[in-house]
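Here's the structure, in structure tokens; my notes come after.
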């Protein structure tokens, strides 16, 4: 038998997503299904997640006007009787992200996404079977995700491409190819996967795409390795705690794990410091020659505990490394860090912007002046070395 299952137009699916389907989309759906032999779409009741039980199969699809018609073979006699009795007068389709027909669902209490389709009817001699699925998002889930009540984010605008776990990453990536701005959606998917530690869920095609677009996943891979090693460390320490006498070999193994963790953490920091310095170089606030010294100084400051300082009338606590970064960000472009100070130049007044929201940052200005004075007294020293000296003495 043949029934009408879908037609061109603007429709809203069960997840609340609205889309306009063109005749070209109709052609793609038909061509996609008819040109393959690996998947036979089932006829089901409603839209079950596992496409079972199947009450028939879809043999092929064809276009009539702006509609899709399906040739199906019912396989369960009771199902044929239910349709004849008018228990299921509506039909609705489910599609995979690549527009391959997933199944055709006969609906009773559930309204179809596409209205105005002809009521299906069976003749006495017809029978057959079908299968397929894709994760559905309820409006409740979308609302919770939008409010931040569950982990994750939306990779696309208007609450499209929801990702709240590693199981959503692959599905979102497949769907991204059908977006109007696929590259932006894919960037967001990778960003979300990196943020929440779901990079391992990215398909091979995503990793290849990242490589082609010069997106470095090395930092994420180091984080994954770090988590793996930390888990191993906890397991080892827990096992050793259960014994009164600790095996020396296991203690050495734990020491090696700790050393490896420390090494990876340092590599991660070095990557972060390098990226920070590159941004300053691009902004004209740092020269390439100064980068190694700044990275070394940030590494030294990393091990220091946070301290309290005055900011206006308030007392503020901050880590030395973050405080130094803030200072570097506030430096003006006109400072030539690599230039050696001379008596003539030290006294010159440069156009320097030490303002934030229209107010002069007195602390930065004072450090700047002290660094210039130190350079005047110690001929040949660079600005950054002088700055480190005055900060240390402060």
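Numbering (the numbering used here), first residue to last: 1 to 394.
Every residue, glycine too, gets a C-beta built ideally from N, C-alpha and C.
| The alpha helix (DSSP H) enclosing residue 169, as first and last residue numbers | Where residue 169 is concerned, the enclosing alpha helix (DSSP H) stretches over 166-176.
| request: Report back the beta-carbon spacing between residue 193 and residue 202 to the nearest angstrom; my notes put them in contact at under 8 Å. | output: Indeed they touch by this definition, with Cβ atoms about 6 Å apart.
| query | Unbroken beta strand (DSSP E) runs of length 3 or more, entirely within the stretch 249-320: which are they? | reply | The beta strand (DSSP E) runs lying completely inside the stretch 249-320 and spanning 3 residues or more are 307-311, 314-318, given in chain order.
| Does the Cβ-Cβ distance between residue 70 and residue 104 come in under 8 Å? | If you check the CB distance, residue 70 and residue 104 come in under 8 Å.
| request: Tell me whether residue 447 is buried or exposed, calling it buried when 16 or more other Cβ atoms sit within 10 Å of its Cβ. | output: Past the boundaries of the shown model lies residue 447; the chain is included only from 1 to 394, so the question cannot be answered.
| Hey, residue 288 and residue 281 are a contact pair by Cβ (cut 8 Å); roughly how many whole angstroms apart? | Separation of the CB atoms of residue 288 and residue 281 is rounded to 6 Å, and the pair is thereby assigned contact status at 8 Å.
| field | Buried or exposed by the 16-neighbour rule on C-beta atoms within 10 Å, applied to residue 38 | value | By the 10 Å Cβ count, residue 38 comes out exposed.
| message | Excluding the 5 residues flanking residue 198 on each side, which residues of the same chain have their C-beta closer than 6 Å to its C-beta? | response | 166, 169.
| said: I need the DSSP call for residue 29, collapsed to helix, strand or coil. | reply: It is helical.
| message | Considering just the uninterrupted stretch of the alpha helix (DSSP H) at residue 205, what are its terminal residues? | response | 204-212 is the span of the alpha helix (DSSP H), which, as asked, contains residue 205.
| task | State the start and end residues of the unbroken alpha helix (DSSP H) segment that holds residue 93. | result | No alpha helix (DSSP H) contains residue 93, which is instead part of the beta strand (DSSP E) from 90-95.
| Per DSSP, what kind of secondary structure is residue 39 in: helix, strand or coil? | If DSSP states are grouped into helix, strand and coil, residue 39 belongs with coil.
| residue 99 beta carbon less than 8 Å from that of residue 163 | For residue 163 and residue 99, no; Cβs fall outside 8 Å.
| Who are the Cβ neighbours of residue 59 in its own chain at under 7 Å, not counting the five residues just before and after it? | Cβ within range, chain order: 71, 72, 73.
| message | Considering only DSSP beta bridges, list what residue 106 is partnered with. | response | For residue 106, DSSP records a beta bridge to 45, 91.
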